[in-house]
């Protein structure tokens, strides 16, 4: 098979199938959703959280198109390369750096939330540093071996991930009281809109797409795949929110720092089938591993291209250290972390981080196309 | 495989392994004492919580139930051990047990939480908070409100059980399979009910008998004295709450009425007069299936409720001879009588709830769920509306089977 990265360097390369891309993006998008069920905890949607989940699906799909849409037009290039082509060296590098900042931010949030759950629910005395660093180091190791390895891992984890979530959902069904999901959409649209801001903001994750795209076997279909991943993850989010509220009630679900985890603890099918929460953390840890590996791969890859390095791998150890530190210093405590994830904090930030680069890129692309047409 | 790769692999595997273990400091099983039942009492004067903890006793494990009144030498150790401590919060009270217990406390296997009447009346919120917040305790614990002394409850030797707490938990799970007289619930449901508008919690009631009075007085229902101990407690009825504060009790019959409305009745045993006899002879009907449909009807300012209840039952006992298969009129008459008994149950339950002004049926909640706009009009004065609401009953009872014989045997 021809290596699309036709520089001919001995880089860990290879290609990933669309199916693998779907696994990666779905897992990335779901881990954060599972972690704190943003539609339930961040807004005031309460029993209508499922609607916020579906709205998230629609909006995120649109944003995904905006983020990924330019990729297939430059099938061999990452966003670092084509942004410089479109915007010139300086502005292009600026845009690329925004992308890299996003990865750093998202990976730190992801790992931090994971660490907080473990510390809150399972191992209260274990230092956060230990949990975070083991996760980042393992992910760095995966990134070291290239995107193909990460993709194969994702493909392996995907059925595990989806299967265990499904088991949890099914096990929770007998405890659901439909009454807890009523009244349906009685309080108008506003709570639903606010409830969907945070999960939509997290679509920042899709900014990895322009980095993965040159590696995908059929770049033209990659955006479609990404949309599928986003929509599926949103359906999962909506289903998870409904089930959690059906079992715990809107109030406890909203008050919970990590509602999905509380849900798993509340499942009690019989006197012997209970205590399923470890089952949740297990695939989630795997999912997080995939997510962080992708972020660190894209981050290192992007950074190496911005500075014109031949190989991204020497950057990895240094980046891992920075990411561990960033994750620890992201928030001093769980209060700050939750505040950071509220719509009024994350929403504007995401708007800025998505809006500026996409605005610039599409504007430049539009102008360029127009000029070439006029010229031609 | 060269050395460098081997080292990289080794380090990675170790890193992954340590992540999987996740154990920072050792918690050895032999250092842990598992709490199986927690109890909370509250003293209004000192404003202290008193926590009771019943531990499984490794020394007594497998020893079987032994008689507490013969605690002398030679008798095997108890399977459970109970102790208590005070504290300004429920959590502190639990951890004030530490100096009294030789092992590390673990709350991960708590099966029941017993709440004293005093605590229930002054508010169970603080106890719920511990169960929601704490890492090891679970909201799938079963709550009970205890009438009588908590100490007696945990010290009680349930005749068929090794450990009282587990016995009570077991009784809670099987009681509803036999008769609908206990509103068995997990804490999850109580927590949710408190948060829902227009719905108040109902928690099962345990009545603890005074042990001394019992052994001296005449034997109550079922046995006395040491060789055949009297039942130390009774699980029936429920504690009615308004908010997180208890306001009164509901008796067995009222709970049965609540079960019909709430769709909670699994199996109910009804006794009624036989239609062909003017007095004295009775018939027992077991209801094994009930489906209820509750609807709110709003007509201007008038809020009514309509309950449609379909029950299926079978005859289990007759005290006077009656040929049930002989005439359809008799069955029709029995059906009407069953419906009348159920109607009385429900009316008793409703009038009790209205007298206590505690909407345990969730009638307001139903309004909130199905007629949100109407609920908004009354939500602030629901405590004035609820005592006045009327419930229209449409009960249809069907006796479908008569057991293994069709008529009473003839005595010649």
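Chains as they are written, first to last, in the working numbering: chain B, 1056 to 1431; chain E, 4 to 415. Beta carbons: idealized from backbone N, C-alpha and C, even for Gly.
With respect to the C-alpha of residue 1202 of chain B, the residue from B:1355, B:1376 and B:1386 having the closest C-alpha is B:1355. Shown here, residue 392 of chain E sits in coil according to DSSP, grouped into three states, outside any helix or strand. When DSSP states are grouped into helix, strand and coil, residue 292 of chain E belongs to the strand group. At the C-beta level, residue 1151 of chain B and residue 1361 of chain B come within 7 Å of one another. Taking the Cα positions, residue 264 of chain E is about 26 Å away from residue 117 of chain E. At least one CB atom of chain E sits nearer than 7 Å to the CB of residue 1307 of chain B. By the rule that beta-carbons nearer than 7 Å mark a contact, residue 1241 of chain B touches chain E.
Rounded to the nearest whole angstrom, the C-alpha separation of residue 54 of chain E and residue 163 of chain E is 26 Å.
The three-state secondary structure of residue 1200 of chain B, taken from DSSP, is coil. Identification of chain B residues near residue 118 of chain E by a Cβ-Cβ cut-off of 7 Å yields none; the smallest Cβ-Cβ distance measures about 19 Å. Residue nearest to residue 257 of chain E within the set E:185, E:247 and E:244 is E:185 (criterion: CA-CA distance). With a cutoff of 7 Å on beta-carbon distance, residue 386 of chain E and residue 347 of chain E are scored as not near each other.
If you ignore the 5 residues before and after residue 1157 of chain B, its C-beta comes within less than 7 Å of the C-beta of 1259, 1262 and 1408, all in its own chain and listed in chain order.
Within chain E, the residues 143 and 189 have their CB atoms less than 8 Å from the CB of residue 1323 of chain B, given in chain order. In its chain, beyond the 5 residues on either side, 1251, 1255 and 1258 have a beta carbon closer than 8 Å to the beta carbon of residue 1114 of chain B.
Residues of chain B whose Cβ lies closer than 7 Å to the Cβ of residue 18 of chain E are, in chain order, 1189, 1192 and 1193. In terms of beta-carbon proximity, residue 397 of chain E stays away from the interface with chain B, with every pair separated by 7 Å or more.
One finds nothing in chain B with a Cβ atom closer than 7 Å to the Cβ of residue 193 of chain E; even the nearest lies about 10 Å away. Counting only Cβ-Cβ distances below 9 Å, residue 199 of chain E has contacts in chain B at 1234, 1235, 1304, 1305 and 1306, in chain order. A contact is defined here as three or more CB-CB pairs under 8 Å, and the segment 1190–1200 of chain B meets this definition with respect to the segment 1336–1351 of chain B. Exposed is the label assigned to residue 107 of chain E, since fewer than 16 other Cβ atoms lie within 10 Å of its Cβ.
Annotation: residue 1421 of chain B to residue 1148 of chain B spans about 19 Å, alpha carbon to alpha carbon. Counting only runs that start and end inside the segment 1262–1299 of chain B, the alpha helix (DSSP H) elements of at least 4 residues fall at 1264–1267.
As a beta-bridge residue in DSSP terms, residue 119 of chain E pairs with E:149.
Less than 7 Å separates the beta-carbon of residue 377 of chain E from that of residue 370 of chain E. Scanning chain B for C-beta atoms nearer than 8 Å to the C-beta of residue 372 of chain E yields 1234, 1237 and 1238, reported in chain order. In the same chain as residue 1154 of chain B, and ignoring 5 residues on each side of it, the C-beta atoms closer than 7 Å to its own belong to 1134, 1262, 1357 and 1412, in chain order.
Between residue 1192 of chain B and residue 18 of chain E, the C-beta gap is smaller than 7 Å, which places the two residues in contact. Contact between the segment 1071–1091 of chain B and the segment 1276–1291 of chain B is present: 3 or more CB-CB pairs across the two stretches fall below 8 Å. Here the segment 1294–1305 of chain B lies against the segment 1098–1108 of chain B, with 3 or more beta-carbon pairs under 8 Å apart.
Note on geometry: alpha-carbon atoms of residue 170 of chain E and residue 39 of chain E lie some 10 Å from one another. Counting only runs that start and end inside the segment 280–341 of chain E, the beta strand (DSSP E) elements of at least 3 residues fall at 285–302 and 305–321. Residue state for residue 246 of chain E is assigned as coil, using DSSP reduced to three classes. For residue 375 of chain E, the C-beta contacts it makes with chain B under 7 Å involve 1238 and 1241, in order along the chain.
Three or more Cβ pairs drawn from the segment 313–329 of chain E and the segment 269–289 of chain E lie within less than 8 Å of each other, which places the two stretches in contact. Rounded to the nearest whole angstrom, the CA to CA distance from residue 1368 of chain B to residue 1070 of chain B is 18 Å.
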